[in-house]
Amino acid sequence: SAVRSTTLTSLVKPEDKAVLEAGLKKRGIPLMAVNKMKPWMIAGLVALPACELSRKKGGAPFLDIKLAKDAQAAGKELDGLETMVEQISAMASLPVEFHVQALVESVKLGDRMDDVMETMIGLYVEGRIGMIMPFLKHVAPENADSSAQYGNFEEVMITTRNKLMAERAEPILARGNAFIAVGGLHLPGDEGLVEKFRKAGYTVTAAGR
11 SAVRSTTLTS LVKPEDKAVL EAGLKKRGIP LMAVNKMKPW MIAGLVALPA CELSRKKGGA
71 PFLDIKLAKD AQAAGKELDG LETMVEQISA MASLPVEFHV QALVESVKLG DRMDDVMETM
131 IGLYVEGRIG MIMPFLKHVA PENADSSAQY GNFEEVMITT RNKLMAERAE PILARGNAFI
191 AVGGLHLPGD EGLVEKFRKA GYTVTAAGR
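The sequence shown maps to residues 11 to 219 in my numbering.
Quick look at the structure:
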């Protein structure tokens, strides 16, 4: 892991520093105020559209939290497929260069980030979830390391976590009458949860079909 005193400005390329500073300033985020934050935490702020930032400032909960609170309010048993520490550890295990590049790319997208988010939502609603990752690769600026970096991202953040989620979901599904919510990228593909549940003997169909 990087030394704790490492700052974001010491990690970005000189030519990207001005781009990063201007992009963050446009979003009301002074670079110096987040200079010691993890790049992927800042990227999470940059990726949110203005309307979503407004909702968060108004106290609106993330979907994960809302689902959990609704379940508790209804007296349902609540369980998790992974811990927050496991999720953060997976993110932190990726090379810092990948996180810095992803942050800079997000800032460079500027107002197009709203279009990216809207397109991803549209793909999800249409049931074309398998197109989301190829779409993200398409809009990202090309460079020699992109393919390997995104492959590493998929392995660490999706494929490996899918395996763990499927294992932990099995006893929950065996009890029956379960509702399980996961991020959309964990569903498609040969290593996705849909195929893993099918291989485990379950019948999986899309809602409304």
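Positions of the beta carbon are idealized from the N, C-alpha and C atoms, including for glycine.
Is it true that the CB of Ala-53 sits closer than 8 Å to the CB of Leu-113?
Their beta carbons are under 8 Å apart, which means Leu-113 touches Ala-53 by this criterion.
With a threshold of 16 other CB atoms inside 10 Å of the CB of Ile-139, please say whether the residue is buried or exposed.
That one is buried.
Under 8 Å between the Cβ atoms of Met-141 and Glu-164?
Not in contact: Met-141 and Glu-164 (Cβ atoms no closer than 8 Å).
If you measure from the beta carbon of Phe-108 to each beta carbon in chain B, is any gap under 8 Å?
No chain B appears in the structure shown, which is made up of a single protein chain.
Have a look at Val-44, Gly-132, Lys-118 and flag the residue whose alpha-carbon is nearest the alpha-carbon of Ser-20.
Here the closest residue by C-alpha is Val-44.
To the nearest angstrom, how far is the alpha carbon of Lys-5 from that of Phe-72?
The structure shown has nothing for residue 5, since the chain only spans 11 to 219.
State the DSSP-derived secondary structure class of Ile-162, mapped to helix, strand or coil.
The identity of residue 162 in the sequence shown is Asn, whereas the question assumes Ile. Of the three classes helix, strand and coil, the one that applies to Asn-162 here is helix, per DSSP.
According to DSSP, is Arg-217 part of a helix, a strand, or is it coil?
Before going on, a small fix: residue 217 reads as Ala here, not Arg. In the structure shown, Ala-217 sits in coil (DSSP, three-state: anything other than H, G, I, E or B).
Cutting at 8 Å between CB atoms, please list the residues of its own chain near Thr-17, excluding the five before and the five after it.
Once the five neighbours on either side are set aside, the close Cβ partners of Thr-17 are Asn-45, Lys-46.
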